[in-house]
Structures are given as C-alpha cells and as structure tokens.
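Trainee: Each step along the sequence shown adds one to the number in full-length UniProt numbering, with nothing skipped, and position 413 is 413.
Below you'll find the structure I mean.
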Amino acid sequence: MRIVSNGVQPYIVQTGVDTDGETQEEVTTFRMKLDVSEWLFITCSSAAMTEFWLISAPGEKTCQQTWDKLMTATTRTNNLSTNNKFNIPDLKVGTLDVLVGLSDELAKLDSFVESVVKKVAQYMADVLEDSRDKVQENLLANGVDLVTYVTRFQWDMAKYPIKQSLKNISEIQVSQIDNDLKARASAYNNLKGNLQNLERKNAGSLLTRSLADIVKKDDFVLDSEYLITMLVVVPKTNYVDWQRTYETLSEMVVPRSTNLLFEDHDSGLFTVTLFRKAIDDFRHKARENKFTVRDFQYNEEEMKADKEEMTRLSTDKKKQFGPLVRWLKVNFSEAFIAWIHIKALRVFVESVLRYGLPVNFQAMLLQPNKKNMKKLREVLYDLYKHLDSSAAAIIDQSAMDIPGLNLSQQEYYPYVYYKIDCNLLDFK
Numbered sequence: 001m002r003i004v005s006n007g008v009q010p011y012i013v014q015t016g017v018d019t020d021g022e023t024q025e026e027v028t029t030f031r032m033k034l035d036v037s038e039w040l041f042i043t044c045s046s047a048a049m050t051e052f053w054l055i056s057a058p059g060e061k062t063c064q065q066t067w068d069k070l071m072t073a074t075t076r077t078n079n080l081s082t083n084n085k086f087n088i089p090d091l092k093v094g095t096l097d098v099l100v101g102l103s104d105e106l107a108k109l110d111s112f113v114e115s116v117v118k119k120v121a122q123y124m125a126d127v128l129e130d131s132r133d134k135v136q137e138n139l140l141a142n143g144v145d146l147v148t149y150v151t152r153f154q155w156d157m158a159k160y161p162i163k164q165s166l167k168n169i170s171e172i173q174v175s176q177i178d179n180d181l182k183a184r185a186s187a188y189n190n191l192k193g194n195l196q197n198l199e200r201k202n203a204g205s206l207l208t209r210s211l212a213d214i215v216k217k218d219d220f221v222l223d224s225e226y227l228i229t230m231l232v233v234v235p236k237t238n239y240v241d242w243q244r245t246y247e248t249l250s251e252m253v254v255p256r257s258t259n260l261l262f263e264d265h266d267s268g269l270f271t272v273t274l275f276r277k278a279i280d281d282f283r284h285k286a287r288e289n290k291f292t293v294r295d296f297q298y299n300e301e302e303m304k305a306d307k308e309e310m311t312r313l314s315t316d317k318k319k320q321f322g323p324l325v326r327w328l329k330v331n332f333s334e335a336f337i338a339w340i341h342i343k344a345l346r347v348f349v350e351s352v353l354r355y356g357l358p359v360n361f362q363a364m365l366l367q368p369n370k371k372n373m374k375k376l377r378e379v380l381y382d383l384y385k386h387l388d389s390s391a392a393a394i395i396d397q398s399a400m401d402i403p404g405l406n407l408s409q410q411e412y413y414p415y416v417y418y419k420i421d422c423n424l425l426d427f428k
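This is the structure:
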C-alpha cells in the first residue's frame with residue numbers, strides 16, 4: 001500500500017495479487033474527512049512497531065477507571081505507548097481445576113498456532129519470491145492488515161460461541177491447515193525445483209549449460225560411419241589461436257569445417273568435423289591448447305522432450321500459482337484469527353486465576369514506543385506491583401534491568417502479560 005496526496009486529497013494505492021495470481025493496483029480516494037490522528041496513523045502504520053503487549057489488570061470501581069489509570073501513566077504525560085482496549089466477552093468460567101488445566105493447554109496451543117501462522121506467512125513469501133510489499137499486502141486477517149485486526153479485535157461469536165464451555169472454545173483446530181500446507185508446499189516445491197533444474201541447465205557457462213536451444217540439425221554431420229561433428233568451447237581471447245590451429249590439432253580434421261554457433265560473455269561455441277578415430281587425440285590436443293570439447297550427441301527426440309518438459313512444468317507452475325496464493329491468503333487469515341482468539345482466551349483464563357471471581361478485569365493492548373520500552377516496563381511495574389506482593393518483593397531484591405521475574409525462562413510480571421508480534425516474516 002502506498003499513500004499519495006495532491007496536497008488536498010489523500011489517495012491509497014493498494015497493490016495485491018488477484019485470484020489468478022496477477023498483480024493488481026487499486027487506487028482509492030478518501031471521500032471522507034480524516035482528522036490529523038487518523039491521517040498520521042495511516043501514513044505511519046507501515047513504519048510503526050509491530051510488537052504489542054496484551055495485558056490485563058483488575059477493575060477498579062469500574063473497568064473504565066483501570067483503563068484511565070493506564071492511559072494517564074503511559075500516554076498522557078510521556079508517550080510510552082499507543083493503547084487500545086482489547087474486548088473479551090463474558091465467557092463461562094467453569095471450575096478452578098478446569099481453568100488450571102486450560103492454562104497449560106492454551107500455552108501449548110498458543111505456541112503451535114503461532115508456528116503455523118509463521119509457516120504460512122513464510123511460505124507466502126517463498127511463493128511470491130520474497131517481494132516484501134506484495135507479501136505484506138496479502139497477509140490479511142478478515143480482509144484488513146494485521147495491526148488493524150489486532151488493535152480493533154472483536155470476538156467472533158459465530159466461530160467461537162461464548163455459550164460454550166471454555167474447554168470447547170479452546171479446541172481451536174489449525175492442525176488441518178498445517179497438514180494441508182505441508183502437502184501443498186511439497187507438491188509446489190517439487191514442481192518449482194524440477195523447473196529450476198531445467199532452467200539451470202539452459203543457463204550459465206558454455207562449459208556446463210545445455211546446448212539444446214543453441215544447436216540445430218544442420219550444424220552436424222549425422223549418420224556418417226566415418227565422420228563426426230564435435231562442439232568446442234573456446235575462450236574469446238583464444239579465437240585467433242583456434243582458427244589458426246584447429247586443423248592441425250590432430251590428423252584427419254576436415255579443413256574449413258569450423259563455425260561459430262554461439263557466444264556468451266567469456267567464450268564461443270565452435271563446431272569442428274573430423275574422422276571418428278581421431279576423437280581421443282583431438283580432445284587431448286585441444287585441452288593442451290585451452291580448448292574444451294563438450295560431450296554432446298545430437299538427438300532431436302531428446303531435445304524435443306526436454307523442451308516439452310520445460311513447457312509443461314512452466315505451465316503447471318502458472319496453473320498452481322493462483323490457487324496456491326488464494327489458499328495461503330485464506331488459511332493465513334484463519335490461522336491468525338485463531339491465534340489472536342487464543343491470546344484472548346489466555347488473558348481471560350489467567351486473569352480469573354490471578355484476580356479471582358467475580359470476573360472483573362480490563363484487557364488492554366499496548367503498542368510500545370520502541371525507544372521507551374524499558375521505561376514502559378518500569379511504569380507498568382510501579383502501576384501494578386501491588387497485584388502480586390510476593391513476586392514484587394523478589395523482583396525488588398534482584399538486580400534486573402527490567403522489572404520482571406524470570407520463571408522457567410519466561411518473564412513474569414505482576415499483571416497478566418502476553419506478547420503479540422505481527423512481524424511474522426524472516427526476509428533474507
């Protein structure tokens with residue numbers, strides 16, 4: 001997506017891949033008035049941090065007071081983060097034993113679904129040849145970019161009915177997406193690999209590349225019992241030497257039988273015709289003079305089969321590309337949406353376990369200012385350390401730079417905390 005303006009009217013230029021795998025550009029004119037904050041959000045969103053902190057704190061007299069307290073501490077005086085309320089509906093609580101068990105299960109599910117989301121995203125990058133703009137514009141959730149989806153999260157009542165038990169809701173299945181991805185990726189990668197192998201044979205140095213698209217039948221003496229046409233790679237700097245010496249490299253070379261068929265940056269491909277019984281001697285003498293004889297036999301049927309195979313593979317790849325990109329877009333969206341719902345479930349379960357009943361907490365999504373992440377941790381710690389005095393005491397006694405208690409290689413905070421990182425790609 002690019003934002004352009006004529007000084008008065010802003011436009012969005014959206015680039016994407018359509019259902020046939022073709023690149024499309026759509027220009028959208030804003031027909032509404034944008035206030036300054038909205039315009040800045042749109043123009044700066046591509047450069048903003050993609051890491052979010054999903055936290056919760058118990059409600060004061062009202063949850064709005066909890067929200068106001070956070071806003072005062074983090075945005076109104078020191079611009080530490082951009083905050084949004086994270087709406088989690090009233091879910092069925094169940095028993096304490098169920099909640100404890102769910103807490104462990106959801107942690108494992110969170111990790112697994114995140115891995116599936118990243119695998120689908122990374123494979124999208126592989127299929128689209130690591131074009132960052134194209135990839136990011138096709139990694140959407142419910143038709144919107146990931147930052148927008150997360151910051152404006154709304155529980156999907158149709159997919160995850162809140163009248164069900166937490167146990168049932170938590171049985172979010174993305175295993176099928178993972179299995180389908182493996183199968184589709186394997187098929188497409190095999191096809192792509194076979195095509196690349198053929199393309200590599202038709203590229204590179206004259207010493208190694210396929211010669212099928214260079215030579216033709218008329219270049220050779222064929223079906224002769226005594227004569228044979230050989231192909232010789234000659235460095236460009238040695239052209240004069242070749243023309244002067246090729247007839248005398250061995251006996252039985254046909255005079256004036258050489259022709260230049262093809263040149264690349266470094267060398268030329270020449271023909272030479274000689275008697276069959278002189279092949280070994282000619283090859284040896286050619287090597288001594290820095291001329292390389294290629295092992296090649298003209299076979300029209302084989303060359304035709306190779307060309308047909310390349311055409312078939314190229315056609316099959318194009319046919320698979322569009323449906324594969326569509327599948328990746330749809331299933332990335334499904335997996336990402338499932339992942340954020342799992343985060344919401346974890347916040348709900350952990351908040352009830354920590355803060356008790358009745359359910360009374362405010363979930364909040366913080367987008368930290370990159371330069372102030374350490375300061376933000378300190379402010380949150382001061383704001384919520386009263387929620388867990390025992391952990392706070394240990395943290396106070398430690399010499400940690402950032403107030404958090406490392407338990408089982410995971411930082412523990414007095415408030416419920418989970419990280420969401422929308423930067424899912426590892427561009428080389």
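Don't be surprised by glycine CBs; every beta carbon is placed ideally from N, CA and C.
Could you compute how far the alpha carbon of T82 sits from the alpha carbon of L328?
Mentor: 31 Å
Trainee: Distance, Cα to Cα, D426 vs T273?
Mentor: 55 Å
Trainee: Which whole-angstrom value is the C-beta distance of I342 and V113, which I expect to be below 8 Å?
Mentor: Here I342 really is in contact with V113; their C-beta atoms are around 6 Å apart, less than 8 Å.
Trainee: What does DSSP give as the partner residue(s) for G193 in the beta ladder?
Mentor: The partner list for G193 (beta bridge, DSSP) is empty, contrary to what the question assumes.
Trainee: How do the region 137-146 and the region 191-211 stand: do at least 3 beta-carbon pairs fall below 8 Å, yes or no?
Mentor: no
Trainee: Within 10 Å of its beta-carbon, does L249 have 16 or more other beta-carbons around it, so buried, or fewer, so exposed?
Mentor: Result: buried.
Trainee: According to DSSP, is A53 part of a helix, a strand, or is it coil?
Mentor: According to the sequence shown, residue 53 is Trp rather than Ala. Assigned with DSSP and collapsed to three states, W53 falls in strand.
Trainee: Going by other Cβ atoms of all chains shown within 10 Å of its Cβ, with 16 needed for buried, is N299 buried or exposed?
Mentor: exposed
Trainee: Is there a Cβ of chain D sitting closer than 9 Å to that of V352, yes or no?
Mentor: Here chain D cannot be found, since the structure has a single protein chain.
Trainee: Closest to S101 by C-alpha separation, out of K167, L261, L222, would be which residue?
Mentor: In the sequence as presented, Ser is not what sits at residue 101; that position holds Gly. The shortest C-alpha separation from G101 is found at K167.
Trainee: When you compare each of M124, D110, C63, F291 to G322 by their alpha carbons, which one comes out closest?
Mentor: M124
Trainee: Quick check: the Cα distance between H265 and K108, rounded to an integer number of angstroms?
Mentor: Looking at the two C-alpha atoms, the distance is approximately 56 Å.
Trainee: If A278 sits next to E251, beta carbons under 8 Å apart, how far is it from one beta carbon to the other, in whole angstroms?
Mentor: Contact holds; Cβ gap of about 6 Å.
Trainee: Can you tell me which of R209, C422, S131 puts its alpha carbon nearest to the alpha carbon of V295?
Mentor: Correcting the residue type first, residue 295 is Asp in the shown sequence and not Val. The shortest Cα separation from D295 among R209, C422, S131 belongs to R209.
Trainee: When the Cα of E171 is compared with those of S56, I88, V352, A338, which residue comes out closest?
Mentor: A338
Trainee: Figure out for me which residue from A212, W53, G143 has the closest Cα to the Cα of E334.
Mentor: G143
Trainee: Does the separation of the CB atoms of K419 and F86 fall below 9 Å?
Mentor: no
Trainee: With distances taken from CA atoms, which of T229, D110, T237, N194 is nearest V174?
Mentor: D110
Trainee: Give me the residue from L345, T311, T50 with the minimum Cα distance to Q196.
Mentor: Out of L345, T311, T50, T311 has the C-alpha closest to the C-alpha of Q196.
Trainee: Can you look up G101 in the DSSP assignment and give me helix, strand or coil?
Mentor: In the three-state reduction of the DSSP assignment, G101 falls in the helix class.
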